[in-house]
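Numbering (UniProt numbering), first residue to last: 1 to 377.
Here it is in structure tokens:
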């Protein structure tokens with residue numbers, strides 16, 4: 001049910017933000033700025049605010065979970081293995097489950113689980129009620145007069161997006177986003193955090209660190225993209241993420257330094273924010289008026305990567321997962337970097353036709369003033 005709601009909810013949110021930006025651009029009139037420039041500025045601010053609210057919501061949910069687990073969960077922590085050599089990159093789920101004939105025990109009591117689900121369900125109903133109460137049904141996406149929203153046109157736009165060369169270059173990075181999110185949500189938490197530290201409290205704190213730094217990085221990067229080169233951000237994200245994967249491959253986690261686990265989670269949140277911001281701004285920048293199909297294909301590749309990671313969870317040892325993720329990172333950044341370089345060349349200012357026309361007009365005037373012949377120097 002959650003998977004069926006994620007993509008429609010995201011697309012509806014993007015559509016509402018575009019409509020709100022158009023409406024605010026008409027209301028907030030500034031004679032010094034053209035309408036399109038004003039709309040783009042408002043659109044960036046609204047997208048920044050919505051993404052910040054989403055990340056803060058994740059952090060707030062983790063904070064509520066951490067407090068509630070600390071107050072209600074009186075069961076002792078259940079650490080699976082006393083040997084840290086089995087955790088980290090050496091962690092293999094099948095071997096760990098069969099180690100000494102034991103298996104994982106629940107790290108969260110049933111009472112705490114019921115309270116958490118009740119609180120989150122209440123917050124979800126409250127958010128849905130607020131959205132429905134303040135949503136204006138008259139607000140629609142700006143459309144041309146001849147545009148028809150038939151099923152055939154929608155399928156054709158999605159098919160064209162799959163065949164678009166630019167989106168094909170961006171597809172590997174979008175797939176990598178899903179893969180790395182699945183890794184941090186499932187593999188890292190199980191193989192590093194739970195295996196070494198144990199308990200649900202450490203999991204909530206780890207996700208809290210991830211969400212907090214992801215929110216901060218998302219807001220900062222969305223403002224900096226107007227002033228720095230995009231390919232520079234790609235290089236920084238690649239180096240940063242590659243270093244994290246190298247650390248996860250060689251690091252042997254120990255319970256003596258629990259803060260290091262949360263630092264890695266926070267750094268991973270920064271990398272995830274970099275990739276998501278780059279892809280999202282690229283799609284909306286290349287297709288400002290026909291973003292539905294391209295955005296749908298981007299979501300498809302992202303959720304496909306997440307499904308692959310979660311579907312293969314428990315079948316492959318962590319070391320091979322980290323190495324595979326490193327290979328996908330290299331193979332995905334190369335075509336995306338090429339796409340960014342091509343986009344920069346396409347956006348370079350070219351001599352406008354009006355300038356050429358004015359130059360030809362001045363030559364004609366000089367010819368007429370000199371009797372049709374220009375002096376030869």
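We put the CB at the ideal spot given by N, CA and C, even for glycine. These numbers were taken from a predicted model, which means no experiment stands behind them.
Candidates 297, 287, 315, 133: closest to residue 40 by CA position: 287
What distance in whole Å lies between the Cβ atoms of residue 65 and residue 248, which are believed to be in contact at a cut-off of 8 Å? So it is not a contact: roughly 24 Å between Cβ atoms.
Which of helix, strand or coil DSSP assigns to residue 228: coil
Kindly indicate the opening and closing residues of the alpha helix (DSSP H) around residue 291. Per DSSP, residue 291 belongs to no alpha helix (DSSP H) and is neither H nor E.
Presumed contact (8 Å Cβ cut-off) between residue 303 and residue 218, rounded CB distance: So it is not a contact: roughly 20 Å between Cβ atoms.
Identify, in the order they occur along the chain, each residue of the same chain with its Cβ nearer than 7 Å to the Cβ of residue 321, setting aside the five sequence neighbours on each side. 183, 187
Can you tell me whether DSSP reads residue 1 as helix, strand or coil? coil
Does residue 1 pass the burial test, meaning 16 or more other C-beta atoms within 10 Å, or should it be called exposed? exposed
Report the three-state DSSP secondary structure of residue 195 (helix, strand or coil). helix
Spatial distance of residue 116 from residue 202 (CA atoms): 16 Å
Classify residue 293: buried if its beta carbon has 16 or more other beta carbons within 10 angstroms, exposed otherwise. buried
Is it buried or exposed for residue 193, if we count other Cβ within 10 angstroms and need 16 for buried? buried
Does the pairing of the region 44 to 55 with the region 205 to 221 give three or more beta-carbon distances under 8 Å? yes
Since residue 176 is in the alpha helix (DSSP H), which residue starts that stretch and which ends it? 165 to 182
Three-state secondary structure (DSSP) at residue 252? coil
In terms of residue numbering, what span does the alpha helix (DSSP H) encompassing residue 124 cover? 110 to 134
Is there contact between the region 221 to 236 and the region 306 to 323, where contact requires at least three CB pairs shorter than 8 Å? no
Three-state secondary structure assigned by DSSP to residue 258: coil
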